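Structure record follows, encoded as structure tokens.
There are 2 protein chains.
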Amino acid sequence: MTEVLIIGGAGMIGRKLADRLAADGTVGGKKIDRLVLQDIVEPAAPAGAKFETRAIAGDFSKPGLSDELVASKPDVIFHLAAIVSGEAEADFDKGYRINLDGTRLLLEAIRQVGGGYKPRLVFTSSIAVFGAPFPDAIGDEFHSTPLTSYGTQKAICELLLADYSRRGFVDGIGIRLPTICVRPGKPNKAASGFFSGIIREPLNGMEAILPVPRSVRHTHASPRAAMGFLLHAAGLDSSTLGARRNLTMPGVSVTVAEQIEALRKVAGDAAVALIREEPDQTIRTIVDGWSRNFDPQRSLALGFRPDASFEEIIRIYQQDELGK
Amino acid sequence: MTEVLIIGGAGMIGRKLADRLAADGTVGGKKIDRLVLQDIVEPAAPAGAKFETRAIAGDFSKPGLSDELVASKPDVIFHLAAIVSGEAEADFDKGYRINLDGTRLLLEAIRQVGGGYKPRLVFTSSIAVFGAPFPDAIGDEFHSTPLTSYGTQKAICELLLADYSRRGFVDGIGIRLPTICVRPGKPNKAASGFFSGIIREPLNGMEAILPVPRSVRHTHASPRAAMGFLLHAAGLDSSTLGARRNLTMPGVSVTVAEQIEALRKVAGDAAVALIREEPDQTIRTIVDGWSRNFDPQRSLALGFRPDASFEEIIRIYQQDELGK
Numbered sequence: 002m003t004e005v006l007i008i009g010g011a012g013m014i015g016r017k018l019a020d021r022l023a024a025d026g027t028v029g030g031k032k033i034d035r036l037v038l039q040d041i042v043e044p045a046a047p048a049g050a051k052f053e054t055r056a057i058a059g060d061f062s063k064p065g066l067s068d069e070l071v072a073s074k075p076d077v078i079f080h081l082a083a084i085v086s087g088e089a090e091a092d093f094d095k096g097y098r099i100n101l102d103g104t105r106l107l108l109e110a111i112r113q114v115g116g117g118y119k120p121r122l123v124f125t126s127s128i129a130v131f132g133a134p135f136p137d138a139i140g141d142e143f144h145s146t147p148l149t150s151y152g153t154q155k156a157i158c159e160l161l162l163a164d165y166s167r168r169g170f171v172d173g174i175g176i177r178l179p180t181i182c183v184r185p186g187k188p189n190k191a192a193s194g195f196f197s198g199i200i201r202e203p204l205n206g207m208e209a210i211l212p213v214p215r216s217v218r219h220t221h222a223s224p225r226a227a228m229g230f231l232l233h234a235a236g237l238d239s240s241t242l243g244a245r246r247n248l249t250m251p252g253v254s255v256t257v258a259e260q261i262e263a264l265r266k267v268a269g270d271a272a273v274a275l276i277r278e279e280p281d282q283t284i285r286t287i288v289d290g291w292s293r294n295f296d297p298q299r300s301l302a303l304g305f306r307p308d309a310s311f312e313e314i315i316r317i318y319q320q321d322e323l324g325k
Numbered sequence: 002m003t004e005v006l007i008i009g010g011a012g013m014i015g016r017k018l019a020d021r022l023a024a025d026g027t028v029g030g031k032k033i034d035r036l037v038l039q040d041i042v043e044p045a046a047p048a049g050a051k052f053e054t055r056a057i058a059g060d061f062s063k064p065g066l067s068d069e070l071v072a073s074k075p076d077v078i079f080h081l082a083a084i085v086s087g088e089a090e091a092d093f094d095k096g097y098r099i100n101l102d103g104t105r106l107l108l109e110a111i112r113q114v115g116g117g118y119k120p121r122l123v124f125t126s127s128i129a130v131f132g133a134p135f136p137d138a139i140g141d142e143f144h145s146t147p148l149t150s151y152g153t154q155k156a157i158c159e160l161l162l163a164d165y166s167r168r169g170f171v172d173g174i175g176i177r178l179p180t181i182c183v184r185p186g187k188p189n190k191a192a193s194g195f196f197s198g199i200i201r202e203p204l205n206g207m208e209a210i211l212p213v214p215r216s217v218r219h220t221h222a223s224p225r226a227a228m229g230f231l232l233h234a235a236g237l238d239s240s241t242l243g244a245r246r247n248l249t250m251p252g253v254s255v256t257v258a259e260q261i262e263a264l265r266k267v268a269g270d271a272a273v274a275l276i277r278e279e280p281d282q283t284i285r286t287i288v289d290g291w292s293r294n295f296d297p298q299r300s301l302a303l304g305f306r307p308d309a310s311f312e313e314i315i316r317i318y319q320q321d322e323l324g325k
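Which chain is which? The protein sequence lines are F and A, in order.
Residue numbering for the first sequence follows the working numbering, beginning at 2 and increasing consecutively.
Residue numbering for the second sequence follows the working numbering, beginning at 2 and increasing consecutively.
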């Protein structure tokens, strides 16, 4: 009997993960018998699943909810729930309540089950744990000095995950996701939105705005690569990790100019012509504080696989979202 | 009107700090009008203080206590309160309650005062935020991967201190203290106890046990140097710190063999003859997980001053504790 729990199952990553588990029918080589999906709104069950599914709506930070979620002793828990960066900065209390207190309640709920219960917990952290100034490529031993409350909350949860794992209460792995690109859906107002927008909008025949210079460098992973990270983390032999349970995932580091040239290769000059440069100093200042490149030797050695190129990232969007 | 608050005022560092403030009469160049001392047991007021003193006994992790402590808006807060490493490892809940929840309650209490209140908060962190494997000397950008719950709690508080400072709720500085040597008082059972014991016991005509090889390297600071760090942090212009609010303090890195040769210089062969080697594999394993040396360029550039040598560390013990 293998049960999987996805906390934050209604988000973009959560829905794609549920779909993938339904398609695979297995996780870490084990046949899935039951999938439980939690989110603040009731998550949709994946289509075509050959296992039992259950959806739970509830506030992750409410005392008692995590106890309910782990009472059935799920074998693998994907913890994706989070207040995003902008909201955690705008609402200090809410960010700490969901991103920190919620995670701590989950860890405590797991610990309190007892009787040798020690699930694999895959926690999605973020490259926001790093804060400028940076080296050219951030290595595996670079310190966490976040410049947002969101990054602070993720960095704290990484420390808790490692300590609870070291003490034998949980078998945790934290994965720091790069920026997900190409994000499906509508344009949004996130400062990072343009990284996806300058690809997604032209591929859909719409104009896109580029608010930063083409020299800006950033690291990306496709949603498909992110699924690969999550599933690989779920099945990884954690004895190879030692006490350092948090890993920077490998991505594709490119400049905006290189993104645009990849778009030209895939969709031609007409698509590129839909990108309009409209410099925005506010966005530029935010983006200048972000990391540009990584040297994630550990995760590569542990078998985590990045997209092959930014061109592949674009083709994955076409295949998975546009059905091409 | 300048008020100073010492949280953890009954401990070794807290008592020495109160005495020093009483002797100086000032902190960060400002005349002290009132000193408030808090601890779980009522701290003794320093002798000869020319300012008002007040002692408060109470559990630092009890909701409401920190609100009471900051209601009078102390200008400088020294937060020294902690469950020590061994106890935080033995009692998981107590460690998190005091070392993490207590600190968070303090930060929240400060934030809730409002009206522009933004005290200088000097937080004593620890080199326990670092976990093996280490480089030969730990630089200012090395990551925090603690191997104890105590180190985890200190690393989390560092992150909170930085975020609350970045948001403008407090003006925090975290100082990572090296091992304090020579600790006054009786031998204790801490794994690190022998670093002080092999100096203190011979200087008091008693036998000392050395449980590790003489090749073991470690970093030390005298209690007097630690006072210097605390007072310098209290008066530092924090605008020079940027967002990175936590600093590794400079110490004296020596092998046990070098400690012993320094003892020989100060107190002769007869003192050294009182050291008995009695290898203890348990202690050796613990000590092998500890950092050996640091390269704390930031704190040195900011004017924090280490002891000149291990010989000076011994002479400080003689002067301050033995009245020589």
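Ideal Cβ placement from N, Cα and C applies to all residues, glycine included.
The structure displayed is predicted, hence computed values, not measured ones.
query                                                                                                                                                                                     : result
If you run the structure through DSSP and keep just helix, strand and coil, what is F:Ile210?                                                                                             : strand
Check whether the Cβ of A:Ser261 lies closer than 8 Å to any Cβ atom in chain F.                                                                                                          : Per the sequence presented here, residue 261 of chain A reads as Ile, with Ser not at that position. No, A:Ile261 lies away from the interface with chain F (no Cβ there is under 8 Å from its Cβ).
Please list the segments of the beta strand (DSSP E) lying wholly inside the region 47–121 of chain F, counting only runs of 3 or more residues, in order along the chain.                : 53–58 and 77–80
Output, in chain order, the set of chain A residues within a Cβ distance shorter than 7 Å of F:Phe143.                                                                                    : Glu142 and His144
Tell me, which residues are paired with A:Leu36 by DSSP?                                                                                                                                  : A:Val5 and A:Thr54
Would you call A:Asp164 buried or exposed, if buried means 16 or more other Cβ atoms sit within 10 Å of its Cβ?                                                                           : buried
With H, G and I counted as helix, E and B as strand and the rest as coil, what does DSSP make of A:Thr283?                                                                                : helix
Using only CA atoms, which one of F:Glu142, F:Thr286, F:Lys155 and F:Leu232 lies nearest to F:Leu18?                                                                                      : F:Leu232
Are at least three pairs of beta-carbons, each pair with one atom in the region 102–110 of chain F and one in the region 61–72 of chain F, less than 8 Å apart?                           : yes
What residue range is occupied by the uninterrupted beta strand (DSSP E) comprising A:Glu322?                                                                                             : From DSSP, A:Glu322 is part of no beta strand (DSSP E) but of the alpha helix (DSSP H) over Phe311 to Glu322.
Quick one: which residues of the region 160–179 of chain F get their C-beta closer than 8 Å to a C-beta of chain A? List them in chain order.                                             : Leu160, Leu161, Ala163, Asp164, Arg167 and Arg168
With distances taken from CA atoms, which of F:Arg177, F:Ile176 and F:Leu161 is nearest F:Phe170?                                                                                         : F:Leu161
Quick check: F:Ala235 and F:Val114, are their CB atoms within less than 8 Å of each other?                                                                                                : no
According to DSSP, is A:Gly236 part of a helix, a strand, or is it coil?                                                                                                                  : helix
Who are the neighbours of A:Leu148 on chain F, taking C-beta pairs under 8 Å?                                                                                                             : Arg167 and Ala244
Which residues of chain F have a Cβ atom closer than 7 Å to the Cβ of A:Ala83, listed in chain order?                                                                                     : Neighbours of A:Ala83 on chain F: none; closest Cβ ~16 Å, over 7 Å.
Tell me the DSSP bridge mates of F:Arg218?                                                                                                                                                : F:Thr256
With which residues is A:Lys31 paired in a DSSP beta bridge?                                                                                                                              : A:Val28
Measuring straight from C-alpha to C-alpha, what distance separates F:Thr283 and F:Leu211?                                                                                                : 13 Å
Give every residue of the same chain whose Cβ lies closer than 7 Å to the Cβ of F:Ile181, excluding the five residues on either side of it in the sequence, and list them in chain order. : Ala222, Pro224 and Ala227
Just mark A:Met2 as buried or exposed, buried being the case when its beta carbon has 16 or more other beta carbons within 10 Å.                                                          : exposed
CA-CA distance, A:Gly198 and A:Ala258?                                                                                                                                                    : 14 Å
With distances taken Cα to Cα, identify the nearest neighbour of A:Arg285 among A:Glu90, A:Leu6 and A:Phe195.                                                                             : A:Phe195
Cα separation between A:Ala179 and A:Leu264?                                                                                                                                              : Residue identity differs from the one stated: residue 179 of chain A is Pro in this sequence, not Ala. Taking the straight line from one Cα to the other gives about 20 Å.
F:Thr153 lies in the beta strand (DSSP E); which residues open and close that run?                                                                                                        : F:Thr153 -> not in any beta strand (DSSP E); alpha helix (DSSP H) instead, spanning Ser150 to Arg167.
Would you check if the distance between the CB atom of F:Ala50 and the CB atom of F:Leu70 is smaller than 8 Å?                                                                            : no
For A:Ile33 and A:Ser67, I'd like the C-alpha separation in whole angstroms.                                                                                                              : 21 Å
My output table needs one value for A:Val1: the three-state DSSP class, helix, strand or coil.                                                                                            : Residue 1 of chain A falls outside the range modelled here, since chain A spans only 2 to 325, and no answer is possible.
Under 8 Å, do F:Phe311 and F:Val273 count as touching if we go by C-beta distance?                                                                                                        : no
So which residues on chain F does A:Thr153 lean against when the C-beta distance must stay under 8 Å?                                                                                     : Leu160, Leu161, Ala163 and Asp164
If we define contact as Cβ-Cβ less than 8 Å, is A:Ile200 a contact residue for chain D?                                                                                                   : The structure shown contains no chain D; its protein chains are F and A.
Going by C-alpha distance, which of F:Ala11, F:Gly269, F:Ile14 and F:Val217 is nearest F:Asp137?                                                                                          : F:Val217
Shortest alpha-carbon distance to F:Ile139 belongs to which of F:Arg112, F:Asp296, F:Glu88 and F:Ala129?                                                                                  : F:Asp296
Strictly under 8 Å for the Cβ-Cβ distance: is F:Gly116 near chain A by that measure?                                                                                                      : no
So if DSSP puts A:Asn247 in a beta bridge, which residue, or which two residues, is it bridged to?                                                                                        : A:Gly175
Counting along the chain, where does the beta strand (DSSP E) carrying A:Glu278 start and finish?                                                                                         : Ile276 to Glu278
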